[in-house]
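What follows is a set of notes on a single structure, which appears directly below.
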Amino acid sequence: MATLDSKIPEGHLFEKWSNYKAHQKLVNPANKRKLDVIVVGSGLAGASAAASLGELGFNVKCFCYQDSPRRAHSIAAQGGINAAKNYQNDGDSVYRLFYDTIKGGDYRAREANVYRLAEVSNNIIDQCVAQGVPFARDYGGLLANRSFGGAQVSRTFYAKGQTGQQLLLGAYSALSRQIGKGTVKMYTRTEMMDIVVVDGKCRGIVTRNLITGEIDAHFGHAVILATGGYGNVFFLSTNAMGSNGSAAWKAYKKGAYFANPCYVQIHPTCIPVHGEFQSKLTLMSESLRNDGRIWAPKKAEDAQAIREGKKKASDIPEEDRDFYLERRYPAFGNLVPRDVASRAAKERCDHGFGVENGGAVFLDFKYAIERLGKDVVEARYGNLFQMYEKITNDNPYETPMKIYPAIHYTMGGIWVDYELQTTIPGLFAAGEANFSDHGANRLGASALMQGLADGYFVIPYTVQNYLADELHTPRMDTNSGEFAKVKADVQAHIDELMNIKGTESVDSIHKRLGHIMWEHVGMGRTKEGLQEGIKQIQELRAEFWKNVRIPGSANELNVELEKANRVADFLELGELIARDALHRDESCGGHFREEYQTEEGEALRQDDKFAYVGAWEYKGKDVEPELHKEELKFEFVELKQRNYK
Amino acid sequence: MEVQNLNLTLKVWRQKGPKEQGHFETYSLQNISPNSSFLEMMDVLNEQLINEGKEPVAFDHDCREGICGMCSMYINGEAHGPDDHVTTCQLHMRKFKDGDTITVEPWRSAGFPVIKDLIVDRSAFDKIMQAGGFVSVNTGGVPDGNAIPIPKPNADEAMDAASCIGCGACVATCKNGSAMLFVSAKVSQLALLPQGKVEAARRAKAMVAKMDELGFGNCTNTGACEAECPKGVSITNIARLNREFLCAKFAD
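Just so you know, the sequences run in chain order A and B.
Just so you know, our numbering puts 66 at position 66 of the first sequence, and the rest follows in order with no gaps.
Take any residue in the second sequence, note its place counting from 1, add 645, and you have its number in our numbering.
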């Protein structure tokens, strides 16, 4: 059993990262090229880490399952990236970004990590500008900002509604430069199937070539997983279709602890579900809450009339509209954090005030258009409005958007220490794949910040500190020993899947898993519901291994096999999410247990019992995992009930 | 709101591998919701094929919200199908009528060989980027983000060029199989910004040379690429690329 040593450096919060950097071990330039680093994933965290390590002179291999590193799902982030520049002179500072992030995360994140994140946030903006990222600017030529949820300052930098795309293309261009120079070797359409652990240290990975089906092994002195989140365990989410939890899950089964899996973010403003063939949900950026006002009909009969098509939103007079966020949270209004906004929408819909099929509320731009004019609204959100109209056939300039919460981001992930190293030495996790910075709820525009902070400014330091002691480790033969064994295991796993030859498609089983997760492990969780969920997941998992049907062969491009590999892992991961949610007898951030709420329906934490990171250790197939606790010490922030009123 | 579901005939390109002969297969599909996306309709087809014990149609897709650039279908003779300014994943079935026959093919271009069914190899785009689609700065040691003010119109124009998603619709549409719109979008974005201006000449030459080497055709200004681009990237970028390229050549 590994011990949970978070390795937080000594000193005052403000000095920890400087102290770390001042005393860490380095590798001299001539030795760097003798050291191999594997980066799995090419999103913001992966591409920026691979590029930065390549620039330093390490010998890097980077892997992605898509046809190009530029496709990673970071590209879909719309609204923006936070930084504590205080360009607006509105009272922002590194400390305030740190504080907002800790509070937004409902006091379930590690102070030292979050402070470092806030500290390097400013470097990210400088770096991206230098790369040619076309951030929005004001008429004076300086960078523009907007507001996001959970903050009272404007600290969000953006590039239209395509900030993730532009930041990813910046990191992709830096990565492309290194690929051109030969410091990074890129493997596209390649999926990581497992990690290889030799004498207690991670030494490489086994991959499957998605075109030929070939199983390969790769050696690395260190391995970095930057493989994103596991939101697709719910089937319907805002994640890309290929986004999966398999890399993290394989690492877990090889000894990396999995932290806080129950912290799943449900984003309040997504386009509602239209029917049973729906394959994914589309987000409408949180930035829309800067100018859009959220409401539901005040009278249940109006909601019903809208549902039945007898009334339209515009038929509801002003006094019969319930701007419930402004009513409940006057200080933050429409810009409360995501978990608060999502629960408030659910509360309205559960009480019969929802529109559409009962599962939607309005996000209205009428007031912004009256106040600012259509041109200004169009300049700010034009591409989002176009996207909405293409999907729904409704024009949001004329009629309010209909929105509902959807699974969006996973705060939980692989447990890492301050160096972003997992409980397996030599295995690191960056970006959404780790659990580290967002506590129980992530603030808007902080995912891009964390991905790039990890990749550009943390991993290049901390991985180097590890590699300094690996100079004398020779490159290993990937055709023998543990590498050959893991390859054989992977082949056996694939053969087992191919040989089931059942009758139900992978998607069909995945959808059923999604229903169980949404119903029992979704926005409002209860002890009984979670227990029932665990039982149903176990039954479904058994059914999958008896009855899944994968046409074609394993030695070619086989999309169904790719999906089956991922869903097999989701069927196990889903249970761990439920287990973690069941053990956490409190509500915090994205984890809401119906039994633990204030009289006003707000999340009720139990700090005396649960102010810790829950890190799960794999104990074997069908054996209950073991929980380890990393106590969270709050030295600089006082724990309070979150208040956005 | 009562909407009528669609019954459709699909003619889909099937090709086992890069070196195999491809052919069209005809399928009929019933009861498709007009609110489904085109790819959700393809999901229904694949579910049907799997249930019949057949191999599903392989196609590229990922984000399904029009930004990753992975989806790539040539539908009824148009890249990304009949709607304007959308990718295949954003195309919705309400653009079709009950009883329609829909033809679905992969991108067809010398630069994008077919891998399987509707999946093509677009790695040539990555190689062009690796040749010069970047600003040569390492991580760290850069000036403050506000150190160099950039006129808003330039920043906005750079953003418009940068909105390219690298899907390859421009190449698939161009009768010459030219990648000029893709290359010019990146060259323009970076040439418009002071950070990218420094090595604009070198970049234009390197990216164009790589594009030529990889077998993409020349631009003859038909404008078809702009018309089919899901992000509306303008061919004025090609004019800017030509300018940058000529200036670079004259300077040699």
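Idealized CB from N, CA, C, for every residue including glycine.
(message) Short of 7 Å Cβ to Cβ, which residues in the region 771-785 of chain B face chain A?
(response) Asp771, Met774, Gln775, Ala776, Gly778, Phe779, Val780, Ser781, Val782, Asn783 and Thr784
(message) For the alpha helix (DSSP H) containing Tyr324(A), name the first residue and the last one.
(response) The count along the first sequence starts at 1 and reaches residue 324(A) at position 324. Element bounds for Tyr324(A): Tyr324 to Arg328.
(request) Pick helix, strand or coil for Asn244(A), following the three-state DSSP scheme. (result) Taking the first sequence and counting its residues from 1, one reaches residue 244(A) at position 244. Coil.
(request) Report, in whole angstroms, the separation of the C-beta atoms of Val60(A) and Thr183(A), which I expect to be a contact under 8 Å. (result) Residue numbering aside, residue 60(A) sits at position 60 when the first sequence is read from its first letter. Residue numbering aside, residue 183(A) sits at position 183 when the first sequence is read from its first letter. The pair is a contact, with the Cβ atoms about 6 Å apart (cut-off 8 Å).
(request) At 7 Å on the CB atoms, spell out the chain E contacts of Ala814(B), in chain order. (result) The structure shown contains no chain E; its protein chains are A and B.
(request) Could you work out which residue in Glu432(A), Ile550(A), Asp350(A) and Thr462(A) is closest to Gly229(A) when comparing CA atoms only? (result) On the first sequence, position 229 is the one that residue 229(A) refers to. Here the closest residue by C-alpha is Glu432(A).
(request) Taking only beta-carbon positions, decide if Met646(B) is within less than 8 Å of chain A. (result) Within the second sequence, numbered from 1, the residue matching residue 646(B) stands at position 1. Confidence is the limiting factor: at Met646(B) the pLDDT is only 45, short of 50, which leaves the residue's position unreliable and the question unanswerable from this model.
(message) Excluding the 5 residues flanking Met646(B) on each side, which residues of the same chain have their C-beta closer than 7 Å to its C-beta?
(response) As a position in the second sequence, residue 646(B) is number 1, starting the count at 1. Below a pLDDT of 50, predicted positions are generally treated as unreliable, and Met646(B), at 45, falls in that range; the measurement from the model is reported next regardless. Result list for Met646(B): empty, nothing under 7 Å.
(request) Closer than 8 Å by C-beta to Lys311(A): which residues in its own chain qualify, once you throw out the five before and the five after it? Chain order, please. (result) Taking the first residue of the first sequence as 1, we reach residue 311(A) at position 311. Closer than 8 Å at Cβ, skipping near neighbours: Asp302 and Ala305.
(request) Give a yes or no on contact between the region 97-111 of chain A and the region 739-751 of chain B, applying the rule of three or more CB pairs nearer than 8 Å. (result) The answer is no - the region 739-751 of chain B does not touch the region 97-111 of chain A, with fewer than three Cβ pairs under 8 Å.
(request) Would you kindly work out how many angstroms separate the C-alpha atoms of Gly57(A) and Ser176(A), rounded to a whole number? (result) As a first step, residue 57(A) must be located in the first sequence, where it is residue number 57. As a first step, residue 176(A) must be located in the first sequence, where it is residue number 176. Gly57(A) and Ser176(A): Cα-Cα distance of roughly 15 Å.
(message) Given a cut-off of 8 Å on the beta-carbon distance, is the pair Met517(A) and Ala554(A) in contact?
(response) Sequence index remark: in the first sequence, residue 517(A) carries index 517 (1-based). Sequence index remark: in the first sequence, residue 554(A) carries index 554 (1-based). No, they are not a contact pair.
(request) Spatial neighbours of Glu318(A) within its chain, please: CB distance less than 6 Å, with the 5 preceding and 5 following residues excluded, ordered by chain position. (result) The residue labelled residue 318(A) in the question sits at position 318 within the first sequence. Counting only Cβ-Cβ distances below 6 Å, and skipping sequence neighbours, we find nothing.
(request) At 9 Å on the CB atoms, spell out the chain B contacts of Tyr456(A), in chain order. (result) In the first sequence, counting from the first residue as 1, residue 456(A) sits at position 456. Neighbours of Tyr456(A) on chain B, chain order: Thr784 and Gly785.
(message) By the three-class DSSP mapping on this structure, what secondary structure does Ile810(B) have?
(response) Position 165 of the second sequence holds residue 810(B). In this structure, DSSP gives Ile810(B) a state outside helix and strand, which the three-state scheme calls coil.
(request) Determine, using beta carbons only, whether Ile224(A) comes closer than 8 Å to chain B. (result) Translated into positions along the first sequence, residue 224(A) becomes position 224. Not closer than 8 Å to any Cβ of chain B, the Cβ of Ile224(A) fails to qualify, so no.
(request) Could you tell me how far apart the beta carbons of Cys349(A) and Gly333(A) are, in whole angstroms, since I believe they sit closer than 8 Å? (result) By one-based count along the first sequence, residue 349(A) stands at place 349. By one-based count along the first sequence, residue 333(A) stands at place 333. Not really, about 20 Å apart at Cβ, beyond 8 Å.
(message) For Glu665(B), tell me which candidate among Gly778(B), Gly714(B), Asp762(B) and Pro839(B) has the shortest Cα-Cα distance.
(response) The count along the second sequence starts at 1 and reaches residue 665(B) at position 20. Proximity to Glu665(B) across Gly778(B), Gly714(B), Asp762(B) and Pro839(B) peaks at Asp762(B), based on C-alpha coordinates.
(request) Taking Lys820(B) as the reference, give the member of Gly862(B), Cys809(B) and Leu837(B) with the closest Cα. (result) Here residue 820(B) refers to the residue found at position 175 when the second sequence is read from its first residue. Comparing Cα-Cα distances from Lys820(B) to each of Gly862(B), Cys809(B) and Leu837(B), the minimum goes to Gly862(B).
(message) Please list, in chain order, the chain B residues whose beta carbon lies closer than 7 Å to that of Ile179(A).
(response) Mapped onto the first sequence, residue 179(A) falls at position 179. Here the neighbours are Gln775.
(request) Taking C-beta pairs closer than 8 Å, name the residues in chain B that Met449(A) reaches, listed in chain order. (result) As a position in the first sequence, residue 449(A) is number 449, starting the count at 1. Correct list: empty, because the minimum Cβ distance to chain B is about 14 Å.
(request) Could you work out which residue in Val361(A), Val223(A), Val355(A) and Glu356(A) is closest to Ala344(A) when comparing CA atoms only? (result) Here residue 344(A) refers to the residue found at position 344 of the first sequence. Of the candidates Val361(A), Val223(A), Val355(A) and Glu356(A), the one whose C-alpha sits nearest the C-alpha of Ala344(A) is Val361(A).
(request) Output the distance between the C-alpha atoms of Met718(B) and Asp729(B), rounded to the nearest integer angstrom. (result) As a position in the second sequence, residue 718(B) is number 73, starting the count at 1. As a position in the second sequence, residue 729(B) is number 84, starting the count at 1. Going from the Cα of Met718(B) to the Cα of Asp729(B) covers about 14 Å.
(message) To the nearest angstrom, how far is the alpha carbon of Ile677(B) from that of Met476(A)?
(response) Position 32 of the second sequence, counted from the start, is the residue given in the question as residue 677(B). Position 476 of the first sequence, counted from the start, is the residue given in the question as residue 476(A). Rounded to the nearest angstrom, the two C-alpha atoms are 54 Å apart.
(message) On a Cα-Cα basis, can you pick out the residue from Leu651(B), Gly841(B) and Leu690(B) that is closest to Gly777(B)?
(response) Residue 777(B) sits at position 132 when you count from the first residue of the second sequence. When only C-alpha atoms are compared, the closest one is Gly841(B).
(message) Given a cut-off of 8 Å on the beta-carbon distance, is the pair Leu4(A) and Ala112(A) in contact?
(response) Position 4 of the first sequence, counted from the start, is the residue given in the question as residue 4(A). Position 112 of the first sequence, counted from the start, is the residue given in the question as residue 112(A). No, Cβ-Cβ distance for Leu4(A) and Ala112(A) is not below 8 Å.
(request) Check the Cβ of Met804(B) against every Cβ in chain A and list those closer than 7 Å, keeping chain order. (result) Position 159 of the second sequence, counted from the first residue, corresponds to residue 804(B). Per Cβ cutoff of 7 Å: Pro134, Ala159 and Lys160.
(message) Could you give the first and the last residue of the continuous alpha helix (DSSP H) run that contains Gln538(A)?
(response) If you number the first sequence from 1, residue 538(A) lands on position 538. Run containing Gln538(A): Lys527 to Asn547, per the alpha helix (DSSP H) assignment.
(message) Would Asp194(A) and Val458(A) qualify as a contact pair, given that the criterion is a beta-carbon distance under 8 Å?
(response) Numbered from its first residue, the first sequence carries residue 194(A) at position 194. Numbered from its first residue, the first sequence carries residue 458(A) at position 458. The answer is no: Cβ separation not under 8 Å.
(request) Could you check what DSSP says for Thr867(B) in three-state terms: helix, strand or coil? (result) Here the question's residue 867(B) lines up with position 222 in the second sequence. Coil.
(request) Using a Cβ-Cβ cut-off of 8 Å, state whether Lys820(B) counts as contacting chain A. (result) Position 175 of the second sequence, counted from the start, is the residue given in the question as residue 820(B). For Lys820(B), the answer is no, since every Cβ of chain A falls outside 8 Å of its Cβ.
(request) Measure the alpha-carbon distance for Gln531(A) versus Val548(A) and round it to whole angstroms. (result) Indexing the first sequence from 1 puts residue 531(A) at position 531. Indexing the first sequence from 1 puts residue 548(A) at position 548. Taking the straight line joining both Cα atoms gives about 25 Å.
(message) From the DSSP secondary-structure annotation, give me the bridge partner or partners of Ile38(A).
(response) Here residue 38(A) corresponds to residue number 38 of the first sequence, with the count starting at 1. For Ile38(A), which the question treats as bridged, DSSP gives the partners Lys61(A) and Val223(A).
(request) Give the DSSP-derived three-state secondary structure of Cys650(A) in the structure shown. (result) Here chain A has residues from 1 to 645 only, and residue 650(A) is not among them.
(request) Check whether the region 156-163 of chain A touches the region 72-79 of chain A, taking contact to mean three or more Cβ pairs, one atom from each stretch, closer than 8 Å. (result) yes
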